[in-house]
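Please read the structure below before turning to the comments.
In full-length UniProt numbering, the protein residues as written are 1 to 649.
Shown next, in the form of structure tokens:
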């Protein structure tokens with residue numbers, strides 16, 4: 001049994017073969033048979049959902065008292081490490097963790113403020129969509145430097161190696177990221193804040209540079225176990241290796257065929273070259289699939305078999321062939337959307353719950369016309385991967401108010417001040433805020449302190465001072481729990497009143513705030529709540545029951561649904577084309593899509609997408625004829641003038 005193997009082990013867990021069960025069994029085996037202490041096992045996942053599921057399964061098998069304390073995401077573990085040693089990042093205790101959204105805001109302020117703009121390609125009034133996209137790309141490239149363990153003082157050289165003398169827009173953005181990276185990091189230190197990249201960057205670089213520090217942390221664990229090993233980037237891999245170096249107990253579960261995140265730093269080479277890195281290690285494959293029917297698996301196997309670099313593995317099932325994959329050709333995107341919505345309606349009429357159905361697409365924009373048709377046919381749906389709970393406006397506003405009440409005079413609360421000083425509206429516009437920003441910089445004050453000392457702003461002054469006084473008043477009520485303080489703040493500043501005045505529009509934010517207050521009741525530590533929110537942990541249920549799921553193929557990884565629709569499989573869309581596109585990764589993305597359905601899958605393509613003519617994706621042409629059948633276009637609508645599944649070439 002794979003879970004009982006010792007030393008360096010990688011388990012190639014094909015889609016639907018019981019990856020999580022294998023990892024859980026590995027943890028339990030080390031505790032029960034090998035008598036390792038639960039608190040000396042480090043188990044790492046990529047998502048909070050996976051971490052919760054692992055903890056629950058271990059607790060179910062062994063009891064909560066024998067469940068490892070170190071089960072969590074890379075970010076959660078890095079955060080715990082940095083909380084214990086904030087000085088390695090130049091931070092103080094109690095530092096804030098910036099969300100990805102707040103990190104982008106910081107980059108924007110630097111570009112428009114002390115950082116200036118060095119390239120004409122970036123110059124803008126700061127309000128256009130083009131400027132916003134470029135700011136996000138610069139923030140992405142700063143994160144990319146951190147994922148490659150590159151500190152600020154080495155970024156310019158690294159950027160030169162990355163783009164050379166290229167004069168493309170992306171090359172400008174890489175150089176701009178390298179230029180402002182030192183300013184960005186200095187701003188984080190000044191605000192006593194860390195971004196997501198810092199949570200592993202500093203612990204990893206410190207362990208790599210100090211054997212004493214590395215041994216201190218590595219000595220805490222007798223086994224290192226990691227999920228989704230195919231998705232690790234350089235920093236994550238080095239962090240894992242540094243912690244596992246002494247005892248050599250490194251248990252990894254993953255599937256190279258499902259490596260689809262190369263664009264965000266994942267390196268498939270770590271799983272494929274595992275036995276080169278660990279010459280005495282073991283690699284075993286799990287191939288029996290417990291999810292999908294035989295025809296679906298045959299199609300997926302055929303697609304991935306054409307990847308010449310894949311590790312050998314063939315999925316099979318003992319549950320029968322099931323229905324062949326249906327391939328439907330449509331005239332255009334509107335007809336495709338009507339066809340998908342109509343078919344969903346017909347299946348629902350036979351008793352299939354809506355939440356058993358998902359529509360997976362290569363690009364987000366493909367959902368728009370499908371949404372319109374679902375609305376038209378009154379079919380309930382939800383966009384999965386839309387704004388997460390902790391990033392929803394009302395939730396962030398409430399936490400910003402709470403942060404101000406906790407540490408109004410700390411610069412790390414400045415972003416919270418910017419967010420809520422004019423919510424509800426109290427006349428504090430851009431001009432007033434700019435004056436406060438200037439005063440805060442000149443006097444080395446937080447924005448809250450600068451507002452208290454600032455000269456009058458006319459009518460605004462009374463409302464602003466009343467807001468500051470409210471924050472102080474609620475903070476002085478020391479007998480309140482965290483949840484009670486947040487609720488009191490929301491009432492006192494008029495936030496609840498503002499939402500109720502919005503009628504139907506305010507209902508969802510009010511529900512989100514009620515969820516937040518329920519979560520906050522479980523916390524007695526302010527720092528733990530902020531970490532919980534920043535790391536996206538423990539969000540409430542997504543309420544998806546009774547609704548069709550719409551999501552990207554990337555967003556569906558790790559999920560399964562009885563019925564799945566796969567639109568947009570045409571030559572101009574999938575695989576994506578271009579000089580810098582990894583075609584092998586596009587193939588793996590098709591494999592991931594085909595291993596999500598449990599019972600039925602429908603692939604569709606359009607002869608015309610917008611004003612661009614297209615042919616079927618080559619992935620359709622590669623499907624074995626025995627497991628994929630051309631279906632007539634629904635509603636007797638005319639089909640494109642070629643078969644959807646031509647003879648295999």
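C-beta atoms are modelled at their ideal positions from N, C-alpha and C, and glycine is treated no differently.
Alpha carbon of residue i to alpha carbon of residue j, nearest angstrom
i: residue 356; j: residue 31; result: 37 angstroms
i: residue 427; j: residue 78; result: 41 angstroms
i: residue 512; j: residue 303; result: 42 angstroms
i: residue 288; j: residue 15; result: 9 angstroms
i: residue 260; j: residue 393; result: 30 angstroms
i: residue 399; j: residue 448; result: 16 angstroms
i: residue 406; j: residue 275; result: 51 angstroms
i: residue 621; j: residue 597; result: 20 angstroms
i: residue 333; j: residue 130; result: 27 angstroms
i: residue 72; j: residue 230; result: 17 angstroms
i: residue 369; j: residue 609; result: 12 angstroms
i: residue 582; j: residue 473; result: 57 angstroms
i: residue 253; j: residue 26; result: 10 angstroms
i: residue 577; j: residue 617; result: 11 angstroms
i: residue 85; j: residue 152; result: 20 angstroms
i: residue 331; j: residue 257; result: 32 angstroms
i: residue 439; j: residue 432; result: 11 angstroms
i: residue 96; j: residue 68; result: 26 angstroms
i: residue 549; j: residue 408; result: 41 angstroms
i: residue 450; j: residue 464; result: 12 angstroms
i: residue 566; j: residue 572; result: 15 angstroms
i: residue 505; j: residue 108; result: 29 angstroms
i: residue 479; j: residue 46; result: 38 angstroms
i: residue 377; j: residue 547; result: 13 angstroms
Span of the alpha helix (DSSP H), counted from its first residue to its last, around residue i
i: residue 509; result: 507–520
i: residue 35; result: Where residue 35 is concerned, there is no enclosing alpha helix (DSSP H), given that its DSSP letter is neither H nor E.
i: residue 530; result: 526–534
i: residue 591; result: 583–594
i: residue 205; result: 198–209
i: residue 402; result: 393–406
i: residue 574; result: Note, residue 574: premise wrong, no alpha helix (DSSP H); not H, not E.
Bridge partners - residue i, DSSP secondary structure assignment
i: residue 613; result: 608
i: residue 552; result: 361
i: residue 97; result: 194
i: residue 600; result: 563
i: residue 9; result: 251 and 282
Residues of its chain near residue i, where Cβ-Cβ distance is below 8 angstroms and the 5 sequence neighbours each way are ignored
i: residue 619; result: 303, 569, 574, 575, 587 and 590
i: residue 234; result: 147, 148, 149, 265 and 267
i: residue 629; result: 324, 325, 326, 327 and 645
Own chain, CB closer than 6 angstroms to residue i, minus 5 neighbours either side, in chain order
i: residue 29; result: 3 and 4
i: residue 278; result: 8
i: residue 177; result: 138, 141 and 142
i: residue 284; result: 2 and 11
i: residue 295; result: 321, 322, 324 and 627
i: residue 639; result: Because the pLDDT at residue 639 is just 45, under 50, the model does not fix this residue reliably, and the point stays unresolved.
i: residue 159; result: 174, 175 and 178
i: residue 358; result: 549, 561 and 564
Contact set for residue i: own chain, Cβ-Cβ below 7 angstroms, skip 5 residues either direction
i: residue 202; result: 82, 88 and 89
i: residue 65; result: none
N-terminal and C-terminal residue of the beta strand (DSSP E) that residue i is part of
i: residue 325; result: 325–332
i: residue 283; result: 282–286
i: residue 477; result: Here residue 477 belongs to no beta strand (DSSP E), and DSSP marks it neither H nor E.
i: residue 381; result: 381–383
i: residue 423; result: Careful: residue 423 lies outside any beta strand (DSSP E) and carries neither H nor E.
Closest residue to residue i among the options (Cα-Cα distance)
i: residue 61; options: 600, 40 and 21; result: 21
i: residue 343; options: 41, 631, 1 and 34; result: 631
i: residue 531; options: 282, 580, 48 and 43; result: 48
i: residue 220; options: 557, 24, 405 and 39; result: 39
i: residue 418; options: 75, 480, 6 and 102; result: 102
i: residue 516; options: 395, 380 and 403; result: 395
i: residue 352; options: 70, 600 and 339; result: 600
i: residue 222; options: 294, 561, 240 and 230; result: 240
i: residue 113; options: 69, 184, 370 and 18; result: 184
i: residue 510; options: 487, 72 and 571; result: 487
i: residue 677; options: 412, 420 and 414; result: The requested residue 677 does not occur in the structure, where the chain is confined to residues 1 to 649.
i: residue 522; options: 450, 481, 384 and 85; result: 481
i: residue 346; options: 19, 593 and 563; result: 563
i: residue 668; options: 250, 207, 63 and 214; result: Shown here, the chain extends from 1 to 649; a query on residue 668 therefore has no answer.
i: residue 341; options: 319, 318 and 367; result: 367
i: residue 242; options: 228, 212, 301 and 50; result: 212
Test: residue i CB closer than 9 angstroms to a CB of chain D
i: residue 77; result: The structure shown contains no chain D; it is built from a single protein chain.
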